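So the protein sequences, as listed, match chains X and V. Mapping the first sequence onto the working numbering, position 102 (from 1) lands on 102, and the numbers just tick up by one. Convert by adding 304 to the 1-based position in the second sequence; the result is the number in the working numbering. No residue lacks a Cβ here, since even glycine has one placed at the ideal position from N, Cα and C. Computed from a predicted structure; not experimentally measured.
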Amino acid sequence: MAAGTQKLTTTVRVIALLCAIAATVMTAAAPPVFAQRGKDAVAARVVSLVPNVTEMLFAVGAGSQVAAVSSYDDFPPAVKALPRVGALLDPDMERILSLRPDLVIVYGSQTELETQLGRVGIRAYPYRHGGIESTLQTIRDVARLTGHAAEGEQTVSRLRAQLEAVRTRVRGRSRPRTMLVIGRDPGTLRGVYASAGVGFLHELLELAGGTDVFGDIQREAVQPSNETILARAPDVIIEAAAGERPSDDVFRRERGVWNVLASIPAVRNNRVYLLYGSYLVAAGPRLGEAAEAFARTLHPEAFK
Amino acid sequence: MIIGTPPKDIVGRSVRARLAAVVAGYGALAVGACIGAPLIGSTHISLARAFDRSIPFANNVDAQIFFVARMPRVLTGAVAGAALAAAGVVMQALLRNPLATPFTLGVSAGAALGAILVITFGSVVAVGAISPVPLASLIGALAASAIVYTLATRPGRTISTTVLLLAGVTLNAFFSAVILFVQYLADFTQTYRTVRWLMGDLDVGSFGPILASLVLLIPAFAVFAVLPRSLNLLSVGTDIAATRGVDVGRTQRLAFLSASLATAAAVSLAGPIGFVGIIVPHLVRLMVGVDHRLVLPASALFGVAFLVGCDVVSRTIMAPVEVPVGVVTAMIGGPFFLWLLVRRS
Chain X
1 MAAGTQKLTT
11 TVRVIALLCA
21 IAATVMTAAA
31 PPVFAQRGKD
41 AVAARVVSLV
51 PNVTEMLFAV
61 GAGSQVAAVS
71 SYDDFPPAVK
81 ALPRVGALLD
91 PDMERILSLR
101 PDLVIVYGSQ
111 TELETQLGRV
121 GIRAYPYRHG
131 GIESTLQTIR
141 DVARLTGHAA
151 EGEQTVSRLR
161 AQLEAVRTRV
171 RGRSRPRTML
181 VIGRDPGTLR
191 GVYASAGVGF
201 LHELLELAGG
211 TDVFGDIQRE
221 AVQPSNETIL
231 ARAPDVIIEA
241 AAGERPSDDV
251 FRRERGVWNV
261 LASIPAVRNN
271 RVYLLYGSYL
281 VAAGPRLGEA
291 AEAFARTLHP
301 EAFK
Chain V
305 MIIGTPPKDI
315 VGRSVRARLA
325 AVVAGYGALA
335 VGACIGAPLI
345 GSTHISLARA
355 FDRSIPFANN
365 VDAQIFFVAR
375 MPRVLTGAVA
385 GAALAAAGVV
395 MQALLRNPLA
405 TPFTLGVSAG
415 AALGAILVIT
425 FGSVVAVGAI
435 SPVPLASLIG
445 ALAASAIVYT
455 LATRPGRTIS
465 TTVLLLAGVT
475 LNAFFSAVIL
485 FVQYLADFTQ
495 TYRTVRWLMG
505 DLDVGSFGPI
515 LASLVLLIPA
525 FAVFAVLPRS
535 LNLLSVGTDI
545 AATRGVDVGR
555 TQRLAFLSAS
565 LATAAAVSLA
575 GPIGFVGIIV
585 PHLVRLMVGV
595 DHRLVLPASA
605 LFGVAFLVGC
615 DVVSRTIMAP
625 VEVPVGVVTA
635 MIGGPFFLWL
645 LVRRS
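This is how it looks when you write it as structure tokens:
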């Protein structure tokens, strides 16, 4: 009996010792806390996971402060030389940490990433998708965070002027019912994905002098069936795609798929336009160019 | 259960009569569904205007909605519904399991992998006049069937249903893992397109894809026409079937190949629409009994009515927003499946 109790005590002691060692090791292995910065401090090194915010950073003069970008960044050309750290689904935490940033631009939905960054003292700016006003506010925010508040204000004013100029040019003209298509299965009319009544694309369309044919639907996008498109009968169809303009044959074929829906005024009057360029669908500093592109398409006579 | 006997026999004659009655009844249901469905939709159209020949087609919105938007959808639903339901019957007989579906042996996972590979890595250009996604999903489906077939068959011997099931389930699991990996690599637009494809979509927009799928379905249905008697015997057991003169190995191969071909055609046309292949055979068996000579044609016809009906629901229940037809069949099928399980236990 005595031997049994002694064995138990020894076992307990060994376990306690092991626990103490483990605790010490774990505390020592805690991640290094980066230099804490005050709320108003300027971020010298920025990592951006959001392509349109990367554009904003370069536009306000903070391009040299950008240390790394997401896997999907492609504008401006300078980002091609920068290291990549993943994107919405797969942000590479280790790589981000190894770059020692002061500020990381993350998506609003990446709350776990925000928490992780907060634990090591790195500031995270959550980007939330919104309309034109929200985009301009984001430009101001990131300009301020990187110490370019003045350039930020200038960029915003310039953008506002561009948008206002477009609005003025098309004022008073009739507003055609327009469907803005932002996605479709290539070669067919399946999977048509159109912009609806909420968001910056809707606002750009209305600003450029068109009436959004799905404007009554309070969502950012809809997937209309062929029947819905026929029923809504838009006067103009604009397809905005982020890539590069394809070869003439492919372009003709993609334009041709709409001919099946012959009763739509847009097809009857040959007002189906295919536009290409990432500036058309990115809520960033090139909004003014996008607005002008839509306006030129809807009201070519206003730009003569 | 009626065992195969020469048709001139009095027992055979009554099967013939019953078959005629079943085909007439379910046929009327299928035709009624196909005629009625284009009349219903999220938009009100005037039939008089739609069929008014004096208005040029290009200007006639009602006619365009009826003939360009609704008719291809209804026909796609009919073709896919018949194919999936008939394939379901054959699979359940082949695997001797009432819970078998056309997707049990990995065909839809193969189709999904083909589709997602093209959506994620393929060019945005269509190949010739054929959109790449249906073609790739067809190739994927056929490849999956070929793999399962090779794994499960030995030349001249009968197929062990256990091996068949295990091969199919393993392939399903493996393809699903690869699909998850490819989805992880995809960007947002591609992921969305993949998810949308997986929900099933009858809005094909033209008659071309339907005709293309018929090229595959006609041989499959030709084989379905000669299978029922053998399937009756096979359902009892391979040994008993063999003693009654059924070439078990050949029947199993024909059943597997025809069911896989029909499923591959249906999935590449309209995406993987689930539950049609399990609900329809069971409902039909409740009504006509278990004789495959009646169940197979009745299921094909009821499959037409079922999927066309589900499509009408998907188009109208939340108009103008469309609920994907695979969601509608799942909402009906899920509870039905549970009820089946409870009933059997």
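Per-residue burial, V/Ala559 [other beta carbons within 10 Å of its own, 16 or more giving buried]: Within the second sequence, numbered from 1, the residue matching residue 559 of chain V stands at position 255. Buried: at least 16 other Cβ atoms inside 10 Å.
Buried or exposed by the 16-neighbour rule on C-beta atoms within 10 Å, applied to X/Glu112: Here residue 112 of chain X corresponds to residue number 112 of the first sequence, with the count starting at 1. With fewer than 16 neighbouring CB atoms inside 10 Å of its own CB, X/Glu112 falls in the exposed class.
Pairwise C-alpha distance: X/Ala165 and X/Arg219: Here residue 219 of chain X refers to the residue found at position 219 of the first sequence. Here residue 165 of chain X refers to the residue found at position 165 of the first sequence. Cα to Cα, X/Arg219 sits roughly 28 Å from X/Ala165.
Contacting residues, own chain, Cβ-Cβ under 6 Å from X/Gly215 (five flanking each side not counted): Taking the first residue of the first sequence as 1, we reach residue 215 of chain X at position 215. Here the set comprises Gly197.
Chain-order list of residues whose beta-carbon lies under 7 Å from that of V/Gly385 (same chain, five-residue window excluded): Working through the second sequence from its first residue, we reach residue 385 of chain V at position 81. Here the set comprises Val580, Gly607, Val608, Phe610, Leu611, Val612.
First through last residue of the beta strand (DSSP E) which encompasses X/Arg177: Here residue 177 of chain X corresponds to residue number 177 of the first sequence, with the count starting at 1. First-last of the beta strand (DSSP E) with X/Arg177: 177–183.
Helix, strand or coil at X/Ala241 according to DSSP, with G and I counted as helix: Counted from its first residue, the first sequence places residue 241 of chain X at position 241. X/Ala241: strand per DSSP, three-state reduction.
Rounded distance between the beta-carbons of V/Ala367 and V/Phe361, thought under 8 Å: What you label residue 361 of chain V is simply residue 57 of the second sequence in a count that begins at 1. What you label residue 367 of chain V is simply residue 63 of the second sequence in a count that begins at 1. Between V/Phe361 and V/Ala367 the beta-carbon gap is near 6 Å, inside 8 Å, which marks them as a contact.
Unbroken alpha helix (DSSP H) run spanning X/Arg255, endpoints: For this step, residue 255 of chain X is matched to residue 255 along the first sequence. Per DSSP, X/Arg255 is one residue of the alpha helix (DSSP H) stretching across 248–256.
Exposure label - X/Tyr125; buried when at least 16 CB within 10 Å: What you label residue 125 of chain X is simply residue 125 of the first sequence in a count that begins at 1. So X/Tyr125 ends up on the buried side.
Cβ contact check for the segment 389–403 of chain V and the segment 459–472 of chain V: 3 or more pairs under 8 Å: In this structure the segment 389–403 of chain V lies against the segment 459–472 of chain V, because at least three pairs of beta carbons, one per stretch, are closer than 8 Å.
Three-way DSSP call (helix, strand, coil) for X/Arg13 in this model: Numbered from 1 along the first sequence, position 13 holds the residue referred to as residue 13 of chain X. Of the three classes helix, strand and coil, the one that applies to X/Arg13 here is helix, per DSSP.
Integer Cβ distance of V/Pro342 from V/Gly509, believed to fall under 8 Å: The count along the second sequence starts at 1 and reaches residue 342 of chain V at position 38. The count along the second sequence starts at 1 and reaches residue 509 of chain V at position 205. Not confirmed; about 15 Å, so no contact.
Beta-carbon contacts of V/Asn476 that lie in its chain and below 6 Å, excluding the five residues immediately before and after: To locate residue 476 of chain V, count along the second sequence from 1; it is residue 172. Answer for V/Asn476: Gly410, Ala413, listed in chain order.
Cβ contact (3+ pairs, closer than 8 Å) linking the segment 62–69 of chain X and the segment 290–303 of chain X: Contact fails: fewer than three Cβ-Cβ distances are below 8 Å.
Cα-Cα separation, X/Leu204 to V/Ala623: As a first step, residue 204 of chain X is located in the first sequence; it is residue number 204 there, counting from the start. As a first step, residue 623 of chain V is located in the second sequence; it is residue number 319 there, counting from the start. Near 27 Å, if we compare the C-alpha coordinates of V/Ala623 and X/Leu204.
Cβ-Cβ distance between X/Gly152 and X/Tyr127 below 8 Å: Walking along the first sequence from the start, residue 152 of chain X turns up at place 152. Walking along the first sequence from the start, residue 127 of chain X turns up at place 127. No, the Cβ-Cβ distance between X/Gly152 and X/Tyr127 is not below 8 Å.
Own chain partners of V/Ala604 with C-beta closer than 7 Å, once the 5 adjacent residues on each side are dropped: Taking the first residue of the second sequence as position 1, residue 604 of chain V is located at position 300. The answer, listed in chain order, is Ala386, Ala389, Ala390.
Reduced DSSP category for V/Val625 - H, G, I as helix; E, B as strand; rest coil: In the second sequence, the residue the question calls residue 625 of chain V occupies position 321. Coil at V/Val625, not helix or strand.
Rounded C-alpha distance that separates V/His586 from X/Ser174: The residue given as residue 586 of chain V occupies position 282 in the second sequence. The residue given as residue 174 of chain X occupies position 174 in the first sequence. In a straight line, the C-alpha of V/His586 is about 59 Å away from that of X/Ser174.
Partner residues on chain X for V/Gln368, Cβ-Cβ distance less than 7 Å: Working through the second sequence from its first residue, we reach residue 368 of chain V at position 64. Neighbours of V/Gln368 on chain X, chain order: Leu230, Leu261, Ala262, Ser263.
CB contact check: V/Gly630 to chain X, cutoff 8 Å: Walking along the second sequence from the start, residue 630 of chain V turns up at place 326. Chain X contact via Cβ: absent.
Within chain X, the residues that V/Phe361 reaches when beta carbons sit closer than 9 Å: Numbered from 1 along the second sequence, position 57 holds the residue referred to as residue 361 of chain V. Scanning chain X for C-beta atoms nearer than 9 Å to the C-beta of V/Phe361 yields Ala262, Ser263, reported in chain order.
Contact list for V/Ala373 against chain X, beta-carbon separation under 9 Å: The residue given as residue 373 of chain V occupies position 69 in the second sequence. Those within 9 Å of V/Ala373 in chain X are Ser225, Asn226, Glu227, Thr228, Ile229, Leu230, Ala231, Leu261.
Cutoff 7 Å; reference V/Ser318; Cβ partners in own chain excluding five residues on either side: Indexing the second sequence from 1 puts residue 318 of chain V at position 14. The answer is none, since no qualifying residue turns up.
Proximal residues to X/Ala208 (C-beta, below 7 Å), its chain only, five neighbours per side dropped: Position 208 of the first sequence, counting from 1, holds the residue named residue 208 of chain X. Excluding positions up to five away in sequence, the list reads Val166, Val170, Ala291, Phe294, Ala295, Leu298.
Residue-level contact to chain X via CB, V/Gly345, 8 Å cutoff: Within the second sequence, residue 345 of chain V is the residue found at index 41, counting from 1. At least one chain X Cβ lies under 8 Å of V/Gly345.
Those residues which DSSP pairs with X/Ser48 across a bridge: Residue 48 of chain X sits at position 48 when you count from the first residue of the first sequence. Its beta-bridge partners are X/Ile105.
Proximity below 8 Å, CB of V/Pro298 to CB of V/Pro438: The displayed coordinates of chain V run from 305 to 649. Any statement about residue 298 of chain V would go beyond what the structure contains.
Residues in the segment 173–195 of chain X having any Cβ partner in chain V nearer than 7 Å: Gly183, Asp185, Pro186, Gly187, Thr188, Leu189, Arg190, Gly191
Neighbour flag for X/Ser70 against chain V, beta carbons, 8 Å: Residue numbering aside, residue 70 of chain X sits at position 70 when the first sequence is read from its first letter. The beta-carbon of X/Ser70 is placed no less than 8 Å from the nearest beta-carbon of chain V.
8 Å contact criterion, which V/Gly575 and V/Gly638 should meet: CB distance rounded: Walking along the second sequence from the start, residue 575 of chain V turns up at place 271. Walking along the second sequence from the start, residue 638 of chain V turns up at place 334. Cβ atoms of V/Gly575 and V/Gly638 stay farther apart than 8 Å, at about 18 Å.
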